[in-house]
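Here the structure comes first, spelled out in structure tokens, and everything after it is commentary.
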Amino acid sequence: MATATITPMDRWETLPWRKIQRNVFKVQKRIYQASQRDDVKTVRKFQRLLMNSRSAKLLAVRKVTQDNRGKGTAGVDGVKALTPPQRLKLAHSLSIGHKARAVRRVWIPKPETDEQRPLGIPTIHDRALQTLVKLALEPEWEARFEPNSYGFRPGRSCHDAIEAIFNAIAHLEKYVLDADIAKCFDRINHDALLDKLNTGPRLRRQIKAWLKAGVLDHGELFPTERGTMQGGTISPLLANVALHGMEELLVQRFPTKLHKRFYAPQVIRYADDLVVLHKDRAIIEQCQLVLGDWLQNMGLELKPSKTRIAHTRNALESETGFSFLGFNIRQYPVGKTQSGKDTLGKRVGFKLFIKPSKSSIKRHIHQLGETVGRHQHKEQTRLIRALNSLIIGWSRYYSTVVSQDIFEKVDYLLFARLFAWAKRRHPNKSKWWIVDQYWRITKGKGWRFQPPGSDYQLYQHRSTPIRRHVKVQGRRSPYDGDWIYWSTRLGKHPEVPLRVTRLLKRQRGRCVACELFFKDGDVMQVVHTTSKQPDETGVRHYRHLLHRHCYQAKSASRKLLA
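The working numbering puts the sequence shown at residues 896 to 1457.
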């Protein structure tokens, strides 16, 4: 991983990306292992090696300019995209210790409220440098983070957090502290965060420069005395570092005593949303006070309007159960055949059901209605394309819980909305003429919203199979090197489209071009190829799954050969 100067003969499309990624991962694995054994000296040594290496710089630039979904967003310099030569030049110029430029503030609406969430968009140079620093810091902290922290971490998702809650209350009813940290990203104390990071002086100055860079909003520069602005590539990692320690704090304050039937509270956190579970309400109330005092040291506090104590089976404050990450979690009484005990020790029957929350269902139906309304005078195919993007994403997000009845209900409401859409386009036609024009009726499959003479049809919510998600094991991390485990998980990820899941299983989690395992967050591309049969009787069609940058490299090489 020795540093090297980029020569004019280098081409971005022909760089050995497989070797580059392997080089970076080898050092990250060493950082992870050294952090596990608390070898700070070795951690700092390999972090410096990684941040000075050409491979890490090239990989950081590729993530910012090609892989990240927000790659087309400009900072205060107005630069949105870079050509391959400019990417090489940017990678060569990355160096820790540069001053940071102000971030451009962008406001986006918050769901279910009239408030807006501020985002800070750094320049491409600062984003690439932040990604380079994140490549070095993330393995160190992945070895330290608590097992029930799931937000903005590689290899972990919302479904892991929900499955952890399921495992905690599947057989025992508990009280719940459903808490939210008020403006977490905007109020983190800079000095406390930097002390907790405990990096070297040079890296500390660089991170402090990003934190103090200021915000440009409508041409006016505002100072940033606290908080880490959302939008930077390193901001989620810094927020996780700031909130690290909650679970260990409560375990130490309320230790487990098996012989006295006393169990420590369980903390499950996703970014700044968290729940604390325990069968004793008094313990939950003490946990709320303890967490409030602990957060003050980081300049944070619990948001009163979104923090409440609930119970998984009984109604408290006129509401039973609780909602977390868009899921409603509640225990329902089902008689005395199920094992469980109430707060008085009396045996009762209940069953835990996790469903989409009412607010999420309402928001999704509203989005579908708005989409249909915007396409009142457009072709049916364009309406189907717009609806499918909403339906597939939403239904697959909730495909790991008890959602089948809700899927059927949403399909029925959408059908009524589509029929009204068609009736308004043809007010003087009969309903059977309208059905014949916009729906295809197939035996055994029912009605399909589909144009005549076309195979392109509307995806139905109920077509999504319900499959239970398998929670990530303990403190496992992609940096532990167990790629058999991680490739298997990636092949069964609930947010991956079905055709991609099949290709991952067939390819055993590897990219066909670079033969590297796909990792969480990688942008994938399905490629269609054809080949003639040996006997010249026809053409055979193939599908392969590639990294998007591998696909772009193949396309660029074909153009060069042409």
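Even for Gly, the Cβ is constructed at its ideal location relative to N, Cα and C.
Note that the structure is predicted; figures quoted are calculated from it, not measured.
Other residues of its chain near residue i: CB distance less than 7 Å, five sequence neighbours each side excluded
i	result
G1122	F1080, D1081, R1082 and I1083
F1467	Given a span of 896 to 1457 for the chain in the structure shown, any question on residue 1467 remains unanswerable.
G1376	K924
P1131	F1047
T1295	H1054, R1362, R1363, H1364 and P1389
I1301	K1250, P1251 and I1256
C1409	W912, R913, H1442 and C1445
R1357	Q1299, F1302, E1303 and D1306
CA-to-CA distance, residue j to residue i, given in whole angstroms
i	j	result
R1384	L1067	28 Å
P1004	P1013	9 Å
K1449	V1422	11 Å
V1146	G1187	16 Å
K1257	K1304	12 Å
S1052	Q1183	25 Å
L1309	G1264	8 Å
T1276	V1297	31 Å
R917	K1029	17 Å
V922	H1020	23 Å
H1442	V1136	30 Å
W1459	H987	Only positions 896 to 1457 of the chain appear in this structure, which leaves residue 1459 out of reach.
H1085	P911	39 Å
L1144	E908	49 Å
I1336	G1348	13 Å
P1017	I1060	36 Å
W1289	V1267	16 Å
G1221	Y1293	9 Å
S1372	S1044	12 Å
P1346	V1330	11 Å
D972	G1109	14 Å
A1074	S1200	9 Å
A1031	H1261	43 Å
M904	L983	Unreliable positioning characterises M904 in this predicted model, as indicated by a pLDDT of 45, which lies under 50. The coordinate reading is nonetheless provided below. Spanning the two alpha carbons is a distance of roughly 11 Å.
Sequence-distant residues of the same chain with beta carbon closer than 6 Å to residue i, five excluded per side
i	result
E1035	I926, S930 and V938
M1124	V998 and G1015
S1452	none
G1114	none
Closest residue to residue i among the options (Cα-Cα distance)
i	options	result
A995	K1029, Q1025 and L1398	Q1025
Q1101	M946, R1291, H993 and D1417	H993
I1287	H1259, H1270, E1274 and G1268	H1259
L1072	L1032, V1185 and A969	V1185
D1417	D934, D962 and R957	D962
P1360	R1394, H1321, A1311 and Q1299	Q1299
K1366	E1058, V1001 and K975	E1058
H1206	A976, P1199, P1042 and G1216	G1216
E1120	N1093, G1095 and L1088	L1088
P1006	L1411, I1064, I1224 and S1254	S1254
DSSP-derived helix/strand/coil call for residue i
i	result
G1376	coil
L1186	helix
E1115	strand
P1013	strand
I1361	coil
T909	helix
T968	coil
H1272	coil
G1050	coil
N1223	strand
Q1447	helix
H1442	strand
T1238	With a pLDDT of only 48 at T1238, under 50, the local geometry of the prediction cannot be trusted, and no value is derived from it.
G1288	helix
Y1437	strand
I915	helix
G1264	helix
E1214	strand
R1370	coil
For residue i, the first and last residue of its enclosing alpha helix (DSSP H)
i	result
N1135	S1130 to L1138
F941	V935 to N947
P1251	That residue, P1251, is in no alpha helix (DSSP H); its beta strand (DSSP E) goes F1245 to P1251.
Q1332	K1326 to Y1333
I991	Careful: I991 lies outside any alpha helix (DSSP H) and carries neither H nor E.
Segment limits, beta strand (DSSP E) that includes residue i
i	result
V1071	Y1070 to D1075
D1168	D1168 to H1173
A1315	Premise fails: A1315 lies in the alpha helix (DSSP H), Q1299 to R1320, not in any beta strand (DSSP E).
H1206	R1203 to H1206
P1004	V998 to P1004
I1163	Q1161 to Y1165
Close Cβ partners of residue i (< 8 Å) along its chain, the five nearest in sequence each way excluded
i	result
T898	Any reading at T898 needs caution, since the residue's pLDDT is 49, under 50, leaving its predicted position unreliable; the model's value is listed next. If we look at T898 and ignore the five residues flanking it on each side, its Cβ neighbours are N947, S948 and R949.
L1398	V1421, R1438, H1439 and L1440
A1134	F1047, C1079, F1080, I1083, T1123, A1166 and D1167
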